[in-house]
Structure formats: C-alpha cells, structure tokens
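>
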Amino acid sequence: MTDETRVEWREWGPDAFAEARAADKPILLSLSATWCEDCHEMDAETYAEPRIAANLNDGFVPIRVNVDRQPRIRERYNMGGFPSTVFLAPDGHPITGATFIGPDGMRQVVDRVREVWDKKGAEAGRLPRALRGDLPPAGEVSPQIESHLAGQLEVAFDEAHGGWGDATKFPLPRTVEFALKRDRSRALRSLDAIRDGLYDPVEGGFFRYADDAAWSKPNREKTLESNAALLRAFANGYRYTGEDAYLDPAAGTADFLVDSLWTGTGFAGSMGPAAGTDYYLLGKEGRDNAPGPRTDLTVYAGGNALAADALLVLAGLTDDERAREFGSRALDRIAEDLVDDGVVTHFRSGGDAGEDLLLEDQARVVAAACRARQVLGDESVAGEPFLDFAAAVADAAIDELFDEGSFLDGPASGEALLSSPLRPLDGNVEMANALLDLAALTGEGRYHEVAQETIAAFAGAWDRIGVQVAAYGTAAARLLRDPLLVELNDGVGSDLHRAALRVADHEALVVPDADVDDLPAGTARVSAGETTVEATTPEELMEAVSSVTPDA
C-alpha cells in the first residue's frame with residue numbers, strides 16, 4: 002500500500018514509539034485499508050508530493066496501519082472515516098487529526114502541529130475520554146429499551162429516500178433486522194433503497210455506502226463484512242415476504258462471495274477499485290480488459306464467521322447447496338487455522354498473525370457455530386461438536402475479556418492507547434446476542450447471565466443509544482422474553498427441519514436431532530418458556546409457532 006508514496010512508513014510497534022521518544026518528534030499515524038479509494042488517492046496526491054514527504058520524514062515519525070489487520074488501533078484512532086490522519090505525541094496520545102487531507106491542507110496542518118509541538122512538546126497529546134477507564138452507566142434491562150429503539154426507527158428514518166440518516170448513507174443491516182420484527186414497512190423500504198443504490202448488478206455484492214442521502218453516489222468499495230451482513234439481512238427480508246426482490250440480491254451476494262472473494266481456503270477481506278480506473282463503472286466488457294480490482298486476500302476470522310452465518314441462513318431458507326457448502330467450509334477454515342483452545346486469532350497470512358482474543362472475532366465465531374448447529378445439525382468442526390466449539394470460544398472470551406460487567410474489545414496491552422481499556426457498545430451487543438443463542442441451544446444458564454449483565458452494563462444510558470446500534474434493543478428484548486425454540490426429533494433436511502428454519506421469526510432457534518427423551522420420532526416441540534406445543538407436519542409446526550407467539 003506504500004508503493005505510491007515517498008513517505009518512509011514505519012510499522013506500528015515499540016520501535017517506532019521508541020524512535021519518536023528518542024528523537025523528540027511527534028508521530029504521523031496513517032490509518033488506511035486496501036479497499037479504501039480515498040486512501041489510495043491520498044497516497045498518490047499528498048504522500049507522493051516530494052516536499053510534503055520530505056517534511057513528514059524529517060519532522061515526524063510516520064506510521065502506517067492497515068485498519069482491517071489491526072482493528073484495535075482503528076477503534077482508538079479513527080477520525081470518522083478512512084483514511085484517518087492522526088498526529089500523536091510520542092506516548093500515543095492524539096494531538097489533532099482528520100480524514101482525507103490534500104496537499105495544501107497537509108502543509109497547513111503540519112505547520113499547526115509544529116507550532117503546538119514547539120509550545121507544548123509531549124504535553125500536546127490528549128487521552129480520549131472513551132479511554133479514561135470509566136465504566137459505562139449501568140441500569141435495569143427494561144422494556145423501554147426496545148421501545149426507545151423501535152421509536153428511533155421512525156424518528157431517524159429518511160422518509161424521502163429510505164434508510165436512516167440524512168447525509169452519507171450506510172446500510173445498517175443489523176438495524177434492518179431489528180426493524181423487520183418491529184417496523185417492517187421501514188425495514189423493507191430500506192432494503193429497497195439499499196438494493197437500488199448499493200447493489201452491483203454486474204458482479205453482484207454491495208458497495209460499502211453512499212456519499213449522499215439519496216443512495217445515488219455509491220462509494221465503490223466492497224468488504225466481506227458488509228456483504229455478509231447484508232446477505233443475511235436480505236435473506237431475512239425474503240423470510241418475511243417470500244419476494245424475489247429480496248432473495249435475488251441475497252443469492253447474488255452469495256455468488257459474489259464465492260466467485261470473487263473465495264481464496265481457496267476462506268473468504269478474502271475486501272475488494273476495491275483497481276488503481277487508476279473507475280473499475281465498477283466500466284461494465285462487464287470493459288472490466289474484462291481492465292486491471293483487476295485491489296483485493297485484500299487476507300482471511301479474517303470475524304468476516305469469515307459473518308459469511309458462514311449468512312450463507313447458512315440462506316441455505317436454510319432456500320436449500321441452496323452452494324451456500325451450505327461454502328458456509329460450512331468457511332467455518333471449518335476458522336476452526337482449523339484460527340482457533341486454539343477457544344482463542345480466536347484475527348488472521349494468519351504467510352508469516353504474519355493478527356491479535357488474539359478480539360471481542361468482535363470471538364462473538365462472531367460463537368454466533369456462526371450456533372447457526373451451524375441449527376442448519377447443519379449435530380455435526381462437528383475441527384473434531385468438536387458445533388456447540389462444544391462455540392462454548393469453548395465463548396468461555397475464552399468470558400475468562401479473558403469480561404471485566405466489571407462488560408467486555409473489553411481485546412486484551413488491554415500494547416503500545417500507546419492499546420494499553421487503555423475500551424468497552425465498545427457494538428461489540429458487547431454482538432457478544433450478548435451470541436451468548437443468548439448459545440444459552441438457548443445448550444440450556445446453560447451461565448451464558449444467559451453474562452449476556453444479562455453485559456446489556457445491563459450500558460442500560461443507564463438507554464435513552465442515548467441511537468438507531469445505529471439497534472441490535473442493543475434486540476438483545477434487551479430477548480432477555481425479557483423467553484426464546485422461541487423449535488426442537489426436533491428429526492434429522493437435518495427433513496420436511497420438519499426445513500419448515501422450522503423458515504419460521505417467520507429470524508430470532509427463533511432450531512435444534513434438529515435434539516436429544517429430548519420424551520419427544521417421539523418425527524416430532525417437533527415448539528416452546529416459549531413454559532408453553533409448549535408438539536407438531537408432526539410442517540403445517541402443524543407453523544400453527545404451533547403462531548400459538549406460542551401470539552404477538553408475532
């Protein structure tokens with residue numbers, strides 16, 4: 002990523018910070034990504050300008066970080082988008098920062114930073130408030146959390162264009178899924194807008210976001226994480242409607258993942274436009290003769306877990322064997338290469354390895370393994386039954402990251418701000434929802450208890466949580482209601498199993514080949530708390546689901 006610049010980038014690590022201290026120089030931290038168009042543009046326009054590069058090389062210690070490979074750095078230093086351009090004191094505390102900076106702007110910023118540095122020196126940096134060690138405001142998990150976030154679906158909704166927000170539009174797939182049960186009309190209008198604005202009808206898959214409120218200016222980058230999450234959201238849109246308008250983009254995205262991102266052993270992290278060309282604007286014929294897009298071939302644990310989850314949802318809803326195969330293969334790759342005794346490693350590539358025990362990775366692997374148990378049955382991954390594997394990953398996260406009622410984003414160790422604890426709301430919500438899946442599927446109450454404590458740890462600020470983290474409302478609601486559980490004394494692929502996977506509630510949980518002594522063969526037991534109904538046909542199953550969930 003540095004071949005277009007004249008800046009002498011260092012790697013993040015103790016040597017770079019020691020150099021800054023010894024030379025008494027501030028640090029320039031550049032957060033970049035393979036998929037990021039603006040990052041490459043800034044390399045070509047700003048960091049390739051000889052005098053700017055010379056000033057940066059002489060007056061600063063420049064550090065370049067790939068945000069996909071080092072997400073804990075991303076979360077602590079992100080200036081609101083990428084590239085992020087951050088000037089630091091040698092202790093790693095930020096002095097100032099911005100996103101994209103052109104040549105003229107960089108000259109001005111460098112002059113200002115030097116003035117501040119000359120006056121204050123190492124005291125110029127500030128520790129961000131979120132990293133000062135304060136615990137989030139705890140409170141009671143109450144129905145008002147779900148009600149508040151359901152209300153935010155209306156308050157923040159863009160009635161003119163669909164989606165939430167009134168400027169740059171991100172698709173917010175988890176918000177869409179929250180809305181599918183609570184405000185279906187707005188959820189489907191959002192899926193329509195996302196499909197019409199961000200879906201690539203030529204190659205399949207979704208672009209990351211739109212630069213305008215009307216979804217008419219897609220930023221032409223594709224990441225595995227956003228495509229996996231949108232695949233699942235569109236598949237669940239199809240679950241509720243039965244309409245091809247939602248199935249077709251889901252199936253097309255599954256094809257994109259397999260045809261364009263599969264590396265042979267796992268899914269690549271991202272695909273961005275080729276250097277020097279508007280690749281996605283060329284059309285199919287032009288693309289065949291154009292330079293290939295920039296693809297990050299790294300197989301990341303969290304992104305692959307999301308992909309496995311989404312592909313298995315699609316397979317359960319449609320009997321798509323290709324989705325089933327590659328969802329299973331992605332989970333196999335994670336288990337075999339990236340998990341050791343429950344500890345997930347972010348990636349392994351050549352001789353490089355990412356961090357261990359990142360909260361987001363642990364949560365997504367737990368969720369994917371729980372999904373595999375529901376869709377693939379009582380099979381195993383890396384020699385362990387799916388739920389034993391999920392429990393080992395959950396236990397490692399609880400043992401190492403659960404601290405004073407909530408989860409840290411990873412071990413609080415490393416240079417600069419990495420040693421400061423961070424308790425991200427979105428990561429805690431992902432883990433809480435994964436633990437609720439695991440609790441319902443295993444009957445282990447301790448996972449429910451940790452999920453309860455985790456959501457309660459943030460509940461004192463429920464009224465300040467916005468629609469972007471609507472999945473917090475999902476977790477809160479699940480804690481207050483008994484899970485809808487469908488247990489089957491029947492095998493994978495049976496008519497009862499297929500019907501159970503297609504129940505019109507994407508938060509329901511399904512257990513094929515259930516070990517239930519008093520359940521006759523070929524029978525399903527549908528339960529929500531103490532209420533249970535048995536069924537022997539798909540039609541009876543649907544009636545049973547309706548009878549135990551009267552408000553569904």
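Count the sequence shown with the working numbering and you get residues 2 to 553, in order.
The C-beta atom is built at its ideal place from N, Cα and C for all residues, glycine as well.
Does the contact criterion of 3 or more C-beta pairs under 8 Å hold for the segment 40-51 versus the segment 385-399?
Contact between the segment 40-51 and the segment 385-399 is absent, because fewer than three Cβ pairs lie under 8 Å.
> In this structure, does DSSP put T3 in helix, strand or coil?
Looking up residue 3 in the sequence shown gives position 2. Because the pLDDT of T3 is 45, which lies under 50, any placement of that residue in the model is unreliable, and the question is left without a value.
> According to the neighbour-count rule (16 or more other Cβ atoms, all chains shown, within 10 Å of its Cβ), is S191 buried or exposed?
The residue given as residue 191 occupies position 190 in the sequence shown. S191 is buried by the Cβ-count criterion.
> Tell me which residues share the same chain as H94 and place their Cβ nearer than 7 Å to its Cβ, disregarding the 5 neighbours each side in the sequence.
As a position in the sequence shown, residue 94 is number 93, starting the count at 1. Taken in chain order, the residues that qualify are G126, R127 and L128.
> Could you check what DSSP says for M272 in three-state terms: helix, strand or coil?
Indexing the sequence shown from 1 puts residue 272 at position 271. DSSP places M272 in strand when its eight states are reduced to three.
> In this structure, does DSSP put W10 in helix, strand or coil?
Numbered from its first residue, the sequence shown carries residue 10 at position 9. Residue state, collapsed to three classes: coil.
> Using three-state DSSP, classify K223 as helix, strand or coil.
Stepping through the sequence shown from its first residue, residue 223 is reached at position 222. Looking at K223 - three-state DSSP - the assignment turns out to be strand.
> Would you mind giving the Cβ-Cβ distance between E361 and E431, rounded to the nearest angstrom? I have them listed as a contact below 8 Å.
The sequence position of residue 361 within the sequence shown is 360, counting from 1. The sequence position of residue 431 within the sequence shown is 430, counting from 1. About 6 Å; that satisfies the 8 Å criterion.
> So that I know if they touch, is there some Cβ in chain C lying closer than 8 Å to that of A331?
Of the protein chains in the structure, only one exists, and it is not chain C.
> Report back the beta-carbon spacing between T314 and G267 to the nearest angstrom; my notes put them in contact at under 8 Å.
Position 313 of the sequence shown, counted from the start, is the residue given in the question as residue 314. Position 266 of the sequence shown, counted from the start, is the residue given in the question as residue 267. Position check: residue 314 holds Val in this sequence, whereas Thr was assumed. Their Cβ separation, rounded to whole angstroms, is 19 Å, which puts V314 and G267 out of contact at 8 Å.
> So, at 6 Å on beta carbons, what are the nonlocal neighbours of H449 in its own chain, with the 5 sequence-adjacent residues on each side left out?
For this step, residue 449 is matched to residue 448 along the sequence shown. Around H449: A440.
> Any chance the segment 230-239 sits against the segment 167-178, with 3 or more Cβ pairs inside 8 Å?
A contact exists between the segment 230-239 and the segment 167-178.
> Could you give the uninterrupted runs of the beta strand (DSSP E) lying entirely in the segment 85-170, keeping only those of 3 residues or more?
Qualifying beta strand (DSSP E) stretches, in chain order: 85-89 and 95-99.
> Across the segment 255-263 and the segment 202-216, are there enough close Cβ pairs to call them in contact, namely three or more that are closer than 8 Å?
Yes, since at least three Cβ pairs between the segment 255-263 and the segment 202-216 fall closer than 8 Å, the two stretches touch.
> If you follow the beta strand (DSSP E) that R499 is part of, which residue opens it and which one closes it?
Within the sequence shown, the letter at position 498 stands for residue 499. Per DSSP, R499 belongs to no beta strand (DSSP E); it is in the alpha helix (DSSP H), D496 to L502.
> Name the DSSP beta bridge partners of L486, please?
On the sequence shown, position 485 is the one that residue 486 refers to. According to DSSP, L486 bridges with L510 and S528.
> For G343, is the classification buried or exposed, using 16 other Cβ atoms within 10 angstroms of its Cβ as the cut-off for buried?
For this step, residue 343 is matched to residue 342 along the sequence shown. By the 10 Å Cβ count, G343 comes out buried.
> Mapping DSSP to helix, strand and coil, what is A308?
Here residue 308 refers to the residue found at position 307 of the sequence shown. Correct three-state label for A308: helix.
> In three-state terms, what does DSSP make of F387?
For the purposes of this step, residue 387 is taken as the residue at position 386 of the sequence shown. In this structure, F387 counts as helix in the three-state DSSP scheme.
> Out of A368, A398 and L377, state which residue places its alpha-carbon closest to the alpha-carbon of E326.
On the sequence shown, residue 326 is found 325 positions in, with the first residue counted as 1. The candidate whose alpha carbon is nearest that of E326 is L377.
> Taking Cβ to Cβ, would you say L225 is nearer than 8 Å to L173?
Taking the first residue of the sequence shown as position 1, residue 225 is located at position 224. Taking the first residue of the sequence shown as position 1, residue 173 is located at position 172. Result no, Cβ atoms of L225 and L173 do not sit closer than 8 Å.
> Taking the C-alpha atoms as reference points, what is the distance between V549 and P484?
The sequence position of residue 549 within the sequence shown is 548, counting from 1. The sequence position of residue 484 within the sequence shown is 483, counting from 1. Spanning the two alpha carbons is a distance of roughly 11 Å.
> Between the segment 237-246 and the segment 293-310, are three or more C-beta pairs nearer than 8 Å?
No, the segment 237-246 does not touch the segment 293-310.
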